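In order, the protein sequences belong to chains A and L. By the count of our numbering, the first sequence reaches residue 123 at its end, each step adding exactly one. By the count of our numbering, the second sequence reaches residue 718 at its end, each step adding exactly one. Remarks on the structure that follows.
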Amino acid sequence: AQKVTQAQTEISVVEKEDVTLDCVYETRDTTYYLFWYKQPPSGELVFLIRRNSFDEQNEISGRYSWNFQKSTSSFNFTITASQVVDSAVYFCALSEAWGNNDMRFGAGTRLTVKP
Amino acid sequence: EPEVTQTPSHQVTQMGQEVILRCVPISNHLYFYWYRQILGQKVEFLVSFYNNEISEKSEIFDDQFSVERPDGSNFTLKIRSTKLEDSAMYFCASRKGEGDSGYTFGSGTRLTVV
Numbered sequence: 009a010q011k012v013t014q015a016q017t018e019i020s021v022v023e024k025e026d027v028t029l030d031c032v033y034e035t036r037d038t039t040y041y042l043f044w045y046k047q048p049p050s051g052e053l054v055f056l057i058r059r060n061s062f063d064e065q066n067e068i069s070g071r072y073s074w075n076f077q078k079s080t081s082s083f084n085f086t087i088t089a090s091q092v093v094d095s096a097v098y099f100c101a102l103s104e105a106w107g108n109n110d111m112r113f114g115a116g117t118r119l120t121v122k123p
Numbered sequence: 605e606p607e608v609t610q611t612p613s614h615q616v617t618q619m620g621q622e623v624i625l626r627c628v629p630i631s632n633h634l635y636f637y638w639y640r641q642i643l644g645q646k647v648e649f650l651v652s653f654y655n656n657e658i659s660e661k662s663e664i665f666d667d668q669f670s671v672e673r674p675d676g677s678n679f680t681l682k683i684r685s686t687k688l689e690d691s692a693m694y695f696c697a698s699r700k701g702e703g704d705s706g707y708t709f710g711s712g713t714r715l716t717v718v
C-alpha cells in the first residue's frame, strides 16, 4: 500500500528565513514517482517537481531545493529566503511507475510567510 | 503548453440534484483521473479511466458516481443525487501513457451543495 506522510500541518516563518517541508512515504514498489505541488489560496494545484525512484540526486531550482533519500523514504522540500508569495499549502504525492498510476497525496503543509 | 480544462470553475447545486462536472483532457493522453479535495483536507483519488472503462476506483467512488467519455474529447464525472458532503474541489487529470509520470491537473471545479 502507498502512503505519504507530511507530519507538519502548519509552518509559519518570517520572510527571508529558510524553511524545510518534510515528506515521508511508504511503498512496496521499487519503481515509483514522487511529486510536490503548491496549492495557493485560489485552489489550483501547481506542479513543482517530479522525481523517479532511481534518481536520488538532489535538485535545485532557484530558491527551491529537494532532498530525496531512499534510505529514509523521505523527499523533503526546502525554500531558501522565503517570500510572502510562497504562502500556500504544499502537498507531497507518490505514484507507482506502472499500472494505474493514481496518486496518493499527503495531508499537506500550510506554509505562512510573514513580512 | 497543453492544458487540462475543467468547467465550470464553480458550481452550486441543491442537495439531491444531479450534477455533471466536465473535463477536457490533453488530446493525446490516454489515462484520465478524477480527484476530490474536501475543503482543508488532502487530495483524494476517486477514479481512473483507460480504454473507455474504469481501471480503478476508490471506496469514495460509490454508486452515486459515474464517469463517461462521451466523445473523443470530454471526460465527465456525474454525481446522481448530491449530498452536502459532496461539497469539495474536484480535479481532473490526464496522463499520456503507460510508464509516463507526466500528470497534468486541471484547475478544478469547486462544487457547493446547499
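Even for Gly, the Cβ is constructed at its ideal location relative to N, Cα and C. What you are looking at is a predicted structure, and each value in this text was computed from that prediction instead of being measured.
When the Cα of residue i is compared with those of the options, which residue comes out closest?
i               : options                           : result
P674 of chain L : L:P606, L:P612, L:E605 and L:L625 : L:L625
T686 of chain L : L:E648, L:S670 and L:T609         : L:S670
A697 of chain L : L:N656, L:I664, L:K682 and L:F709 : L:F709
Y40 of chain A  : A:E18, A:V27 and A:E64            : A:E64
T680 of chain L : L:Q645, L:F653 and L:R699         : L:F653
L688 of chain L : L:Q610, L:F649, L:V651 and L:L715 : L:L715
Q79 of chain A  : A:E52, A:T35 and A:S20            : Per the sequence shown, residue 79 of chain A should be read as Ser rather than Gln. Selected option, being the one with the closest Cα: A:T35.
Q91 of chain A  : A:T38, A:K24, A:T17 and A:E104    : A:K24
K122 of chain A : A:V12, A:N66 and A:D94            : A:D94
Q10 of chain A  : A:F85, A:E52, A:T120 and A:L42    : A:L42
R684 of chain L : L:T617, L:K646, L:T609 and L:T611 : L:T617
Classify residue i as buried or exposed, calling it buried when 16 or more other Cβ atoms lie within 10 Å of its own Cβ.
i               : result
M619 of chain L : exposed
E657 of chain L : exposed
G706 of chain L : exposed
H633 of chain L : buried
R71 of chain A  : exposed
I68 of chain A  : exposed
T28 of chain A  : exposed
Taking 7 Å as the cut-off, is the CB of residue i close to at least one heavy atom of the ligand SAH?
i              : result
F76 of chain A : In terms of ligand content, the structure shown is empty, and the ligand SAH therefore cannot be addressed.
Residue i to residue j, Cα distance in whole Å?
i               : j               : result
Y639 of chain L : S631 of chain L : 20 Å
Q621 of chain L : S81 of chain A  : 44 Å
S73 of chain A  : P49 of chain A  : 22 Å
F695 of chain L : G114 of chain A : 16 Å
L56 of chain A  : K46 of chain A  : 7 Å
V96 of chain A  : R118 of chain A : According to the sequence as given, residue 96 of chain A is Ala; it is not Val. When rounded, the distance between both Cα atoms is 6 Å.
S691 of chain L : G644 of chain L : 12 Å
N75 of chain A  : S103 of chain A : 18 Å
E672 of chain L : E607 of chain L : 20 Å
Y635 of chain L : N109 of chain A : 9 Å
V623 of chain L : M693 of chain L : 13 Å
DSSP beta-bridge partners for residue i?
i               : result
I19 of chain A  : A:L119
Y694 of chain L : L:R640 and L:T713
F669 of chain L : L:I683
Q615 of chain L : L:L715
Checklist entry - What alpha helix (DSSP H) runs, 4 residues minimum, are completely inside the segment 25-55 of chain A? => result Runs found: none.
Item to check | Whole beta strand (DSSP E) elements within the segment 72-96 of chain A, 3-residue minimum | outcome: 72-77 and 82-87
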